[in-house]
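Single-structure report; data block below.
There are 2 protein chains.
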Amino acid sequence: MNTATLGHREPLTRTIDRIARAGFGGIAPWRREVEQADVAALARQIRALDLRVTGYCRSTALPAATRQAFLANVEANRAALHDAAALGARCFVMVAGGIPEGERDLAGARAQFAEGVAALLDTARALNVPLALEPLHPMYAADRAVLNTLAQALQVCETVDPDNGGFLGVAIDAYHCWWDPALEASIDAAGRARRILAYHVCDWLRDTQDLLLDRGMMGDGVIDLPAMRACVEQAGYDGLVEVEIFSARHWWRRDPDDVLACCAARLQTVC
Amino acid sequence: MNTATLGHREPLTRTIDRIARAGFGGIAPWRREVEQADVAALARQIRALDLRVTGYCRSTALPAATRQAFLANVEANRAALHDAAALGARCFVMVAGGIPEGERDLAGARAQFAEGVAALLDTARALNVPLALEPLHPMYAADRAVLNTLAQALQVCETVDPDNGGFLGVAIDAYHCWWDPALEASIDAAGRARRILAYHVCDWLRDTQDLLLDRGMMGDGVIDLPAMRACVEQAGYDGLVEVEIFSARHWWRRDPDDVLACCAARLQTVC
Numbered sequence: 050m051n052t053a054t055l056g057h058r059e060p061l062t063r064t065i066d067r068i069a070r071a072g073f074g075g076i077a078p079w080r081r082e083v084e085q086a087d088v089a090a091l092a093r094q095i096r097a098l099d100l101r102v103t104g105y106c107r108s109t110a111l112p113a114a115t116r117q118a119f120l121a122n123v124e125a126n127r128a129a130l131h132d133a134a135a136l137g138a139r140c141f142v143m144v145a146g147g148i149p150e151g152e153r154d155l156a157g158a159r160a161q162f163a164e165g166v167a168a169l170l171d172t173a174r175a176l177n178v179p180l181a182l183e184p185l186h187p188m189y190a191a192d193r194a195v196l197n198t199l200a201q202a203l204q205v206c207e208t209v210d211p212d213n214g215g216f217l218g219v220a221i222d223a224y225h226c227w228w229d230p231a232l233e234a235s236i237d238a239a240g241r242a243r244r245i246l247a248y249h250v251c252d253w254l255r256d257t258q259d260l261l262l263d264r265g266m267m268g269d270g271v272i273d274l275p276a277m278r279a280c281v282e283q284a285g286y287d288g289l290v291e292v293e294i295f296s297a298r299h300w301w302r303r304d305p306d307d308v309l310a311c312c313a314a315r316l317q318t319v320c
Numbered sequence: 050m051n052t053a054t055l056g057h058r059e060p061l062t063r064t065i066d067r068i069a070r071a072g073f074g075g076i077a078p079w080r081r082e083v084e085q086a087d088v089a090a091l092a093r094q095i096r097a098l099d100l101r102v103t104g105y106c107r108s109t110a111l112p113a114a115t116r117q118a119f120l121a122n123v124e125a126n127r128a129a130l131h132d133a134a135a136l137g138a139r140c141f142v143m144v145a146g147g148i149p150e151g152e153r154d155l156a157g158a159r160a161q162f163a164e165g166v167a168a169l170l171d172t173a174r175a176l177n178v179p180l181a182l183e184p185l186h187p188m189y190a191a192d193r194a195v196l197n198t199l200a201q202a203l204q205v206c207e208t209v210d211p212d213n214g215g216f217l218g219v220a221i222d223a224y225h226c227w228w229d230p231a232l233e234a235s236i237d238a239a240g241r242a243r244r245i246l247a248y249h250v251c252d253w254l255r256d257t258q259d260l261l262l263d264r265g266m267m268g269d270g271v272i273d274l275p276a277m278r279a280c281v282e283q284a285g286y287d288g289l290v291e292v293e294i295f296s297a298r299h300w301w302r303r304d305p306d307d308v309l310a311c312c313a314a315r316l317q318t319v320c
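So the sequence lines, in the order shown, correspond to chains S and G. Number 162 in the numbering used here belongs to position 113 of the first sequence; there are no gaps in the numbering. Number 313 in the numbering used here belongs to position 264 of the second sequence; there are no gaps in the numbering.
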């Protein structure tokens, strides 16, 4: 369970308890809630409840208008990797960041992202926390993520880490990738390269009303989630399925325990 | 000038006059405004003003939940092709349509689209109106268009019309394609295949607030339009550059002549 699904309405300690009590096997917390708390205490709580940390969300945007700002972004990610290690996270989720404000150099921003990933790889290895590059939907290419397809993410992996040392891969999110005509081929390639580090689900609502905060509960949208999960598992992924729903108009207004119960039911029936 | 840029606020006859008076060399009208008027009279007016019809917008969605509905969609497009011919359109712009309501079969909808295109190709040839397949941004994959990348559109062309008889190609719209990591390669491939039938511009606003009606004026967003135009022209396209801006919050509230003047200026300076 990705904690964003509950809307970050409560302290993380309470969210951790809810998720464990609801029977989930793992949790993916966000930096915004971890960095304002005692990381070691959170890690103890999570371990005591026997929750796996499926991922730590998420990287500081890497592309920047100045060299100095870019290097600062790299260091912010390095610091976050230490917290990911303290939490025992299976991966550190990296979204690229958008095109620097006032610029139009998409290719340059993409190159900066790859450079930043390369600069962080040794730290990831030293801390035993793989970097999971998560392509976001192309509608975020301007302001949030210049990494937009699974094929593109795999290309970054192969360029930065051609021998696959085991600390660089991809996070596949159904919401971001479901539309991709090359999806099956890309998932297959990611599996053959042993690069699939995480699998996230929610649903794409037919009447999506907001670019960021209107994701759907699994089963309420158009994504063929059973087919996508079969594809991901066929490609060798045997980790947990993580639920990540940003839903300001619906799920973030519902009782957290009800949301968790619905997610648990849908994971059994429509994923 | 695509007439949608002016928000369909006036009868088409008046829009045609405005566009010609502003000095544009071409027009792309919409069926919603043509089908309620006298097509032959519109065609005479457009010819008298020496405007080229860069495209006729646009196809009825093809994918449908029943065979009967799919065949009706094909016939609606066939009828529209006759109007396109009457107008002397350089192409009939085809967007795919979304996944049929209540379904999740993206691959099936894509196959239906290709089947519909194949069914219309003879009519296109007979009427001398090429079909221009326009991939729309992936954010429309659910409800508007299951054709989402240029590579995918070219694949449909090659499957349906492997020998390229001259009546099947693509419309490249900067708004829909700018984010694509494979964009340059795909434009190059489209050029080599002699399939580029139209080129549309507007801009992607960094703070896009609506999925459909918040496109930007060229120069106000993040797309590197000079680079994209150079790529399209390098690939052999020598037709007009068509401006198509859906902008409920800004440009559709402005005086039509001011909008046209701004478009004309931006075409000279930032495209």
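Cβ atoms here follow ideal geometry from the backbone N, Cα and C, with glycine treated the same way.
N-terminal and C-terminal residue of the beta strand (DSSP E) that residue i is part of
i: Asp222/S; result: Leu217 to Asp222
Within chain S, partners of residue i - CB distance below 8 angstroms
i: Leu199/G; result: Within 8 angstroms Cβ-Cβ: nothing; Leu199/G doesn't reach chain S, min ~11 angstroms.
Residue span of the alpha helix (DSSP H) that contains residue i, given as start and end
i: Phe295/G; result: Taken as a continuous stretch (DSSP letters only), Phe295/G belongs to no alpha helix (DSSP H), as it is neither H nor E.
i: Val209/G; result: Leu199 to Val209
i: Leu12/S; result: Chain S is shown from 50 up to 320; residue 12/S falls before or after that span and cannot be answered.
i: Met277/G; result: Leu274 to Gln283
i: Val142/G; result: Premise fails: Val142/G lies in the beta strand (DSSP E), Phe141 to Met143, not in any alpha helix (DSSP H).
i: Gly165/G; result: Leu155 to Leu176
i: Asn122/G; result: Arg116 to Leu136
i: Ile148/G; result: Neither: Ile148/G is in no alpha helix (DSSP H) and is coded neither H nor E.
i: Asp287/G; result: That residue, Asp287/G, is in no alpha helix (DSSP H); it is neither H nor E in DSSP.
i: Asp229/S; result: Unbroken run through Asp229/S: none, as it is neither H nor E.
i: Arg93/G; result: Val88 to Ala97
i: Cys312/S; result: Pro305 to Thr318
Closer than 9 angstroms to chain G by CB, residue i
i: Gln161/S; result: no
i: Leu155/S; result: yes
i: Thr257/S; result: yes
i: Val271/S; result: yes
i: Gly165/S; result: no
i: Glu152/S; result: yes
Other residues of its chain near residue i: CB distance less than 7 angstroms, five sequence neighbours each side excluded
i: Ala284/G; result: Ile236, Asp237, Ala239, Gly240 and Ile245
i: Arg67/G; result: Pro305, Asp306 and Leu309
i: Pro187/S; result: Asn197
i: Leu261/G; result: Phe295
Below-9 angstroms beta-carbon distance, residue i vs any chain S residue
i: Leu254/G; result: yes
i: Gln204/G; result: yes
i: Gly146/G; result: no
i: Met188/G; result: yes
i: Asp229/G; result: yes
Listed by chain order, chain S residues near residue i by CB distance under 9 angstroms
i: Asp192/G; result: Arg255, Asp256, Thr257 and Val271
Chain G contact residues for residue i, given Cβ-Cβ distances below 7 angstroms
i: Leu316/S; result: Under the 7 angstroms cutoff, chain G gives no residues; its nearest Cβ is about 17 angstroms from Leu316/S.
i: Leu260/S; result: Thr257 and Leu260
Own chain, CB closer than 8 angstroms to residue i, minus 5 neighbours either side, in chain order
i: Ala114/S; result: Pro149, Glu150, Gly151 and Glu152
i: Glu82/S; result: Thr52, His57, Pro60, Leu61 and Thr64
i: Arg278/S; result: Tyr248, Val250, Val290 and Cys320
i: His131/S; result: Leu176
i: Asn213/S; result: Cys206, Ala242, Arg243 and Arg244
i: Asp259/S; result: Ala297 and Arg298
Cβ-based neighbour list, residue i, same chain, cut-off 6 angstroms, excluding 5 preceding and 5 following
i: Asp316/G; result: It is worth fixing the name first, because residue 316/G is Leu in this sequence and not Asp. Cβ within range, chain order: n/a, list empty.
i: Val123/G; result: Gly165 and Ala168
i: Ile294/G; result: Thr54, Cys251, Arg264 and Trp300
i: Ala134/G; result: Leu176 and Val178
i: Gly268/G; result: Arg315 and Val319
i: Ala92/G; result: Ala135 and Leu136
Check your understanding: Can you list, in chain order, the stretches of the beta strand (DSSP E) that have 3 or more residues and sit fully within the stretch 50 to 83 of chain S?
Key -> Runs of the beta strand (DSSP E) spanning 3 or more residues and lying entirely within the stretch 50 to 83 of chain S do not occur at all.
**Study point:** 4-residue-minimum alpha helix (DSSP H) runs that sit fully inside the stretch 231 to 261 of chain G, ordered along the chain
**Key:** If we require 4 residues or more, the alpha helix (DSSP H) runs fully inside the stretch 231 to 261 of chain G come out as 232 to 241.
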